[in-house]
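Heads up: the sequence shown runs through residues 2 to 220, numbered per the numbering used here.
Here the structure comes first, spelled out in structure tokens, and everything after it is commentary.
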Amino acid sequence: MPGRLKDLRFKIWIAFLTLLSGFINVGALLSFSLPVSHHTGNVSHLALSIGNKNIEEALALIFIILAFFAGAFLSGLLFHERKFALKKRYGILLMSLALIFLSLALFKTQVPKNLKTSALSFAAGVQNAMFIFYGDILVRTTHITGYLTDAAFALAMCLRGKKDKFRFFLFYSLNILFFLSGGIIASLIKTDSFFLIAAGLYFIAGLYYFVMRKKGKAS
């Protein structure tokens with residue numbers, strides 16, 4: 002029972018992070034008409050902007066792409082061992098993101114648009130590169146294109162007789178739904194309160210992690 006409870010807590014945390022990614026991405030789309038986690042589209046959009054000589058739009062996209070890179074780079078420095086363990090740095094990092102978004106909420110009129118979108122993209126990059134394993138599945142909480150591919154591949158393998166792959170299909174499919182749910186929540190709130198709610202959600206994610214870590218060490 003303790004092992005199952007520990008596993009359930011971990012699943013809830015992963016689901017919440019994925020939901021948070023959906024919330025951030027849709028919030029960015031509603032507030033700034035730019036996605037912050039889908040960089041295949043952003044790089045394609047950048048190519049169009051350069052081709053059309055739209056310098057302002059091109060610079061905005063470059064900032065977003067580089068911010069995602071910087072976030073992933075920071076996670077790479079922190080989690081270079083490529084091995085998941087219940088370390089404090091996961092919780093500290095999430096709470097640091099909460100502080101960033103709280104600052105943006107408090108000083109939203111003084112902060113330029115490019116800095117706001119860059120902060121959102123930075124957070125997405127941090128999350129996507131946090132080295133989290135669920136069993137033998139590497140979790141990428143913002144990478145829904147990858148999850149769609151992996152879910153389809155796992156289902157195909159399952160239909161070909163490899164029944165053990167069904168849990169992979171289930172994991173990827175559920176996380177796509179959690180991402181979708183986060184996006185729906187973002188679409189229902191007022192855009193003025195977006196950064197404040199994002200700060201609260203990141204704080205909850207960090208706090209939950211510390212509770213999970215404490216209970217995990219105690220068991």
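Note that beta-carbon positions come from the ideal geometry of N, C-alpha and C, so glycine has one too.
Cβ separation of residue i and residue j, assumed to be a contact under 8 Å, to the nearest whole Å
i           : j           : result
residue 222 : residue 169 : A question about residue 222 goes unanswered here, because the residues of the chain that appear run from 2 up to 220.
residue 106 : residue 200 : 6 Å
residue 80  : residue 131 : 6 Å
residue 35  : residue 59  : Actually they are not in contact, since the Cβ atoms of residue 35 and residue 59 sit about 12 Å apart, beyond 8 Å.
residue 210 : residue 23  : Actually they do not touch by this definition, with Cβ atoms about 19 Å apart.
residue 152 : residue 177 : 7 Å
N- and C-terminal bounds of the alpha helix (DSSP H) containing residue i
i           : result
residue 127 : 114-130
residue 52  : 40-52
residue 70  : 56-79
residue 102 : 89-107
residue 85  : It is not in any alpha helix (DSSP H) - residue 85 carries neither H nor E in the DSSP assignment.
residue 183 : 167-189
residue 150 : 145-160
Straight-line Cα distance separating residue j from residue i
i           : j           : result
residue 121 : residue 115 : 10 Å
residue 188 : residue 31  : 7 Å
residue 163 : residue 46  : 39 Å
residue 136 : residue 54  : 47 Å
residue 49  : residue 110 : 30 Å
residue 203 : residue 25  : 10 Å
Strand pairing of residue i, partner residues [DSSP]
i           : result
residue 135 : 138
Reference residue i, options the options, closest by Cα
i           : options               : result
residue 208 : 18, 8 and 9           : 18
residue 197 : 79, 100 and 38        : 100
residue 63  : 79, 34 and 118        : 118
residue 71  : 124, 214, 36 and 178  : 124
residue 73  : 144, 161 and 15       : 144
residue 223 : 175, 177, 176 and 154 : Outside the shown range of the chain, which is 2 to 220, sits residue 223, and nothing can be said about it.
residue 191 : 112, 27 and 133       : 27
residue 20  : 217, 186, 133 and 211 : 186
residue 39  : 8, 11 and 129         : 129
residue 37  : 184, 212, 214 and 202 : 184
residue 104 : 195, 78 and 156       : 195
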